[in-house]
Each structure stands twice: as structure tokens, then as C-alpha cells.
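The sequence shown begins at 2 in our numbering and counts up one residue at a time. Structure first, commentary second.
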Amino acid sequence: MFNFSANNLIFVSKSQHDKCNIFILKDRDTNRCYKVYDFLKSAILETGKPYCISGKVNSADKLYLVLEIVKEDKKNAVKI
């Protein structure tokens, strides 16, 4: 396993499963989407807010981005 982190991500969708919640987050700079697994089921994300995330990449036969920390990205917040 190795660490990952990303910022300026916007919440797109969430699916709930027995073992984990799965979030789809979109990078506003690159338009790349990330599938992030929350096994603790503790993250609460709101639509339209940018987030910074960090966690571990578990790569047995597939890459899984396992969420450890999520916080609002105040540096890249949308100003209205």
C-alpha cells in the first residue's frame, strides 16, 4: 500500500454497500473522476463544495483508493 492525496475535488455521487460507502469525486482541474472507498462509513460530503482527501491505495489485483481523511478545501472554494 502507498499513500495518495488530492485536492480541489467535487462530490459527484455516493453509493452505500454493506461493507463500505463508495464516493465518486471529480477533480476540477483535470476533469478526472476518482472512485473512493470509505470503509469506516464516516465521511459526509456535500454537493458543490471542493474537498481535500487522503488515504491509502490498496493494489492487490485492482487499485482501491481507501479514504482516511476528508476535509473541505477552503483554498479552492467557489466564491459567489
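Note that the Cβ used here is the ideal one computed from N, Cα and C, for glycine as well. Note that the coordinates shown come from a computational prediction; the quantities given were computed from them, not determined experimentally.
query: Suppose the cutoff is 6 angstroms on Cβ atoms and the five residues either side in sequence are ignored; what does the same chain contact list for residue 16 look like?; result: 23
query: With distance defined between alpha-carbon atoms, name the residue in 10, 68, 78 and 40 nearest to residue 33.; result: 10
query: Just to confirm, are residue 52 and residue 12 a CB contact at a threshold of 8 angstroms?; result: yes
query: Taking 7 angstroms as the limit between beta carbons, can you name the residues of its chain near residue 74, skipping five residues before and five after?; result: 8, 9, 51, 52 and 53
query: State the Cα-Cα distance for the pair residue 30 and residue 19, rounded to the nearest angstrom.; result: 32 angstroms
query: Buried or exposed for residue 41, please, with buried defined as at least 16 other CB atoms from any protein chain shown within 10 angstroms of its CB.; result: exposed
query: Are residue 67 and residue 57 closer than 8 angstroms when you measure CB to CB?; result: yes
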